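Participant:
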Amino acid sequence: MLGLLAATLLLGGCTGQHTTRTAASTTYTPHIKASSQDVLDGAINADEPGCSAAVGVEGKVIWSGVRGIADLASGAKITTDTVFDIASVSKQFTATAILLLVEAGKLTLDDPISQYVPELPDWAQTVTVEQLMHQTSGIPDYVALLAARGYQVSDRTIEAEARQALAAAPELQFKPGTRFDYSNSNYLLLGEIVHRASGQPLPEFLSAEIFQPLGLAMVVDPVGKVPNKAVSYEKGTGGNRSEYRVGNPAWEQIGDGGIQTTPSQLARWADNYRTGSVGGLKLLEAQLAGAVETEPGGGDRYGAGIVSRADGMTTRAPGPDSSRHSTSAVTDGLRWPSAATPTSRTRWPWPMRWGAFGCSGATAVGRRYPGCNHSRYGATTVTPHN
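Below, the structure written as structure tokens:
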């Protein structure tokens with residue numbers, strides 16, 4: 001999706017003590033759940049664009065909470081059923097589709113992308129599918145290319161126009177595979193590769209191979225009239241509620257974004273990394289294989305739409321139950337949702353350090369609540385399970 005705003009944090013993990021097998025029935029008391037809502041209430045004003053959050057254990061949502069307004073014009077409040085555009089969190093679903101096609105023998109990660117998108121310039125012969133997946137291709141971001149052609153966020157653009165802009169790009173920004181550079185073009189092209197390798201448009205493939213098998217209420221429809229969808233907003237710098245502006249885009253590209261759903265559904269999806277129902281138990285391992293540092297020496301690594309953090313919150317957890325939990329949240333406070341990771345300084349009350357909130361603008365937990373750390377990239381941050 002547009003820009004580098006981060007999206008939703010789906011799965012976290014213990015870095016200190018880990019929960020026991022009976023944690024779901026004995027630890028999550030009404031007090032803890034009430035404290036969770038207190039965190040939301042303390043971070044977001046009730047009359048501003050807000051946040052919806054959910055916590056899952058073994059695929060079951062055990063707590064969900066909301067705060068704020070879904071539509072300032074009508075005054076409609078966010079509910080646990082409010083649908084959000086999850087923006088670049090969609091990327092991990094596109095990467096999962098690619099890995100399912102690899103497993104089915106329809107493509108390999110070493111294939112040059114020119115094999116599937118031959119209309120691209122000669123540089124496509126030097127870029128592999130895997131390099132798209134890990135954001136190391138050197139392909140310029142189509143968002144910037146279209147902006148240079150005069151397109152605004154409010155202007156309707158389609159995928160063909162984005163691919164045409166890429167076809168006109170004379171060269172790559174760097175030698176493929178030599179470094180990380182976040183580009184929405186990578187996942188736009190992966191979505192098209194899914195289409196051409198499988199014979200199904202990406203929305204149909206995701207529905208048939210991921211959403212329906214897992215019983216997930218998700219749809220790929222970035223500009224459609226999705227029922228009960230929150231309005232996205234941009235915000236000025238003055239901190240005044242009246243400065244919020246509708247930020248719903250008219251760009252129709254998918255693969256790099258476009259999925260519409262709720263935090264509860266995202267929490268349920270995260271449990272697939274534990275169960276392996278779709279993609280097998282090695283799915284997360286396959287997504288993180290070949291992950292690259294987002295900054296030299298920074299420690300955080302990006303692989304297939306997932307960020308593996310080096311701060312102790314998303315490294316491999318010490319206990320077998322650390323993969324049983326999933327947390328998700330999204331907001332409507334800016335054009336896109338964004339993610340924050342509460343650290344030990346926050347009072348997020350679950351008995352592990354969870355990424356829990358989608359944050360943006362002045363409504364952001366990360367800017368109002370101490371100890372939150374924003375991820376720059378539109379990606380899900382997860383913990384590899386044992």
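According to full-length UniProt numbering, the sequence shown is numbered sequentially starting from 1. Glycine included, each C-beta is placed from N, C-alpha and C at the ideal position. All values derive from a computational prediction rather than experimental measurement.
1) Report the three-state DSSP secondary structure of Arg274 (helix, strand or coil).
2) Sort Ala97, Leu146, Lys229 by Cα distance to Ala70 and report the nearest one.
3) Using a Cβ-Cβ cutoff of less than 7 angstroms, which residues in the same chain neighbour Thr106 once the five nearest sequence positions on both sides are dropped?
4) Tell me the DSSP secondary structure of Ile62 in three-state form.
5) My assumption, with CB atoms under 8 angstroms, is that Ser90 sits in contact with Ile210. Please give the rounded CB distance.
6) Let me know the alpha helix (DSSP H) ranges lying completely inside the region 142-191, each 4 residues or longer, listed in chain order.
7) Determine, using beta-carbon pairs with one atom in the region 132-146 and one in the region 182-189, whether at least three such pairs fall under 8 angstroms.
8) Going straight from the alpha carbon of Thr315 to that of Gly297, what length do you get?
9) Please report the straight-line C-alpha distance between Val365 and Ala46, rounded to a whole angstrom.
10) Do Gly68 and Ala53 count as a contact pair if the criterion is CB distance below 9 angstroms?
11) Would you give the residue range spanned by the alpha helix (DSSP H) that Ala54 belongs to?
12) Quick check on the burial criterion: 16 or more other C-beta atoms within 10 angstroms. Buried or exposed for Thr178?
13) Per DSSP, residue 389 is paired with what?
14) Quick check on the DSSP output: the alpha helix (DSSP H) that includes Gln131 runs from which residue to which?
15) Bridge partners of Gln253, per DSSP?
16) Mapping DSSP to helix, strand and coil, what is Gln200?
17) Looking at Leu281 and Thr275, is the spacing between their C-beta atoms short of 9 angstroms?
18) If the criterion is Cβ atoms closer than 9 angstroms, does the pair Leu216 and Arg163 meet it?
19) Is the beta carbon of Asn184 closer than 9 angstroms to that of Gln92?
20) Please report the straight-line C-alpha distance between Trp63 and Ala270, rounded to a whole angstrom.
21) Could you give the first and the last residue of the continuous beta strand (DSSP E) run that contains Ile259?
22) What residues match up with Ile78 in a beta bridge as DSSP calls it?
23) Give me the Cβ distance between Ile113 and Leu132, rounded to the nearest whole Å; I'm assuming they're in contact under 8 angstroms.
24) Please identify the residue among Val102, Glu48, Phe180, Thr294 whose C-alpha is closest to the C-alpha of Ile78.
25) Is any beta-carbon of chain D found at less than 9 angstroms from that of Thr261?
26) Which term fits Gly56, buried or exposed, when burial requires 16 or more other beta carbons within 10 angstroms of its beta carbon?
27) Would you kindly report the start and end of the unbroken alpha helix (DSSP H) that includes Ile98?
28) If you measure between the beta carbons of Asp155 and Glu130, is that distance less than 9 angstroms?
29) Just the C-alpha distance for Lys60 and Tyr233, rounded to the nearest angstrom, thanks.
30) Can you check DSSP and say which residues form a bridge with Asp38?
Facilitator: In short, the structure shows the following:
1) Numbered from 1 along the sequence shown, position 274 holds the residue referred to as residue 274. Helix.
2) Counting from 1 along the sequence shown, the entry for residue 70 is found at position 70. Measuring from the Cα of Ala70, the nearest candidate turns out to be Lys229.
3) On the sequence shown, residue 106 is found 106 positions in, with the first residue counted as 1. The displayed chain sequence assigns Lys, not Thr, to residue 106. Take Lys106, set aside five residues on each side of it, and the residues of its chain with a beta-carbon closer than 7 angstroms to its own are Ala197, Ser198, in chain order.
4) Here residue 62 refers to the residue found at position 62 when the sequence shown is read from its first residue. Reduced to three states, the DSSP call for Ile62 is strand.
5) Taking the sequence shown and counting its residues from 1, one reaches residue 90 at position 90. Taking the sequence shown and counting its residues from 1, one reaches residue 210 at position 210. Ser90 to Ile210, Cβ: 11 angstroms. No contact.
6) The region 142-191 contains, as complete alpha helix (DSSP H) runs of 4+ residues, the segments 142-148, 159-167 (chain order).
7) The region 132-146, when compared against the region 182-189, does touch it at the 8 angstroms Cβ threshold.
8) Sequence index remark: in the sequence shown, residue 315 carries index 315 (1-based). Sequence index remark: in the sequence shown, residue 297 carries index 297 (1-based). The predicted position of Thr315 is uncertain, since its pLDDT is 30 and thus under 50; no value can be drawn from it.
9) Taking the sequence shown and counting its residues from 1, the one referred to as residue 365 is at position 365. Taking the sequence shown and counting its residues from 1, the one referred to as residue 46 is at position 46. Because the pLDDT at Val365 is just 31, under 50, the model does not fix this residue reliably, and the value given afterwards should be weighed accordingly. If I take the Cα positions, the gap works out to 13 angstroms.
10) Along the sequence shown, one-based indexing puts residue 53 at 53. Along the sequence shown, one-based indexing puts residue 68 at 68. Result no, Cβ atoms of Ala53 and Gly68 do not sit closer than 9 angstroms.
11) Counted from its first residue, the sequence shown places residue 54 at position 54. That residue, Ala54, is in no alpha helix (DSSP H); its beta strand (DSSP E) goes 51-57.
12) The residue given as residue 178 occupies position 178 in the sequence shown. With fewer than 16 other Cβ atoms within 10 Å, it is exposed.
13) Residue 389 is absent from the structure shown; the chain starts at 1 and stops at 386.
14) Residue numbering aside, residue 131 sits at position 131 when the sequence shown is read from its first letter. Here the alpha helix (DSSP H) through Gln131 covers 129-133.
15) As a working mapping, residue 253 is identified with position 253 in the sequence shown. Bridge partners of Gln253: none, in fact.
16) Here residue 200 is taken as the residue at index 200 of the sequence shown, counted from 1. The answer is coil: DSSP assigns Gln200 none of H, G, I, E or B.
17) For the purposes of this step, residue 275 is taken as the residue at position 275 of the sequence shown. For the purposes of this step, residue 281 is taken as the residue at position 281 of the sequence shown. In this structure, Leu281 lies closer than 9 angstroms to Thr275 by Cβ.
18) Along the sequence shown, one-based indexing puts residue 216 at 216. Along the sequence shown, one-based indexing puts residue 163 at 163. Cβ atoms of Leu216 and Arg163: not closer than 9 angstroms.
19) Here the question's residue 92 lines up with position 92 in the sequence shown. Here the question's residue 184 lines up with position 184 in the sequence shown. No, they are not a contact pair.
20) The count along the sequence shown starts at 1 and reaches residue 63 at position 63. The count along the sequence shown starts at 1 and reaches residue 270 at position 270. Rounded to the nearest angstrom, the two C-alpha atoms are 15 angstroms apart.
21) The sequence position of residue 259 within the sequence shown is 259, counting from 1. From DSSP, the beta strand (DSSP E) with Ile259 extends over 259-261.
22) Your numbering for residue 78 matches position 78 in the sequence shown. Its beta-bridge partners do not exist; DSSP assigns none.
23) Numbered from its first residue, the sequence shown carries residue 113 at position 113. Numbered from its first residue, the sequence shown carries residue 132 at position 132. Ile113 to Leu132, Cβ: 6 angstroms. Contact.
24) Looking up residue 78 in the sequence shown gives position 78. Nearest to Ile78 by C-alpha distance, out of Val102, Glu48, Phe180, Thr294, is Glu48.
25) Absent from the structure: chain D. Only one protein chain is present.
26) Counting from one through the sequence shown, the residue named residue 56 turns up at place 56. Burial call: buried.
27) For this step, residue 98 is matched to residue 98 along the sequence shown. For Ile98, the enclosing alpha helix (DSSP H) starts and ends at 90-103.
28) Within the sequence shown, the letter at position 155 stands for residue 155. Within the sequence shown, the letter at position 130 stands for residue 130. Cβ distance not < 9 angstroms, so Asp155 and Glu130 don't count as in contact.
29) If you number the sequence shown from 1, residue 60 lands on position 60. If you number the sequence shown from 1, residue 233 lands on position 233. So the alpha carbons of these two residues sit roughly 30 angstroms apart.
30) Here the question's residue 38 lines up with position 38 in the sequence shown. Answer by DSSP bridge pairing: none, since Asp38 is not bridged.
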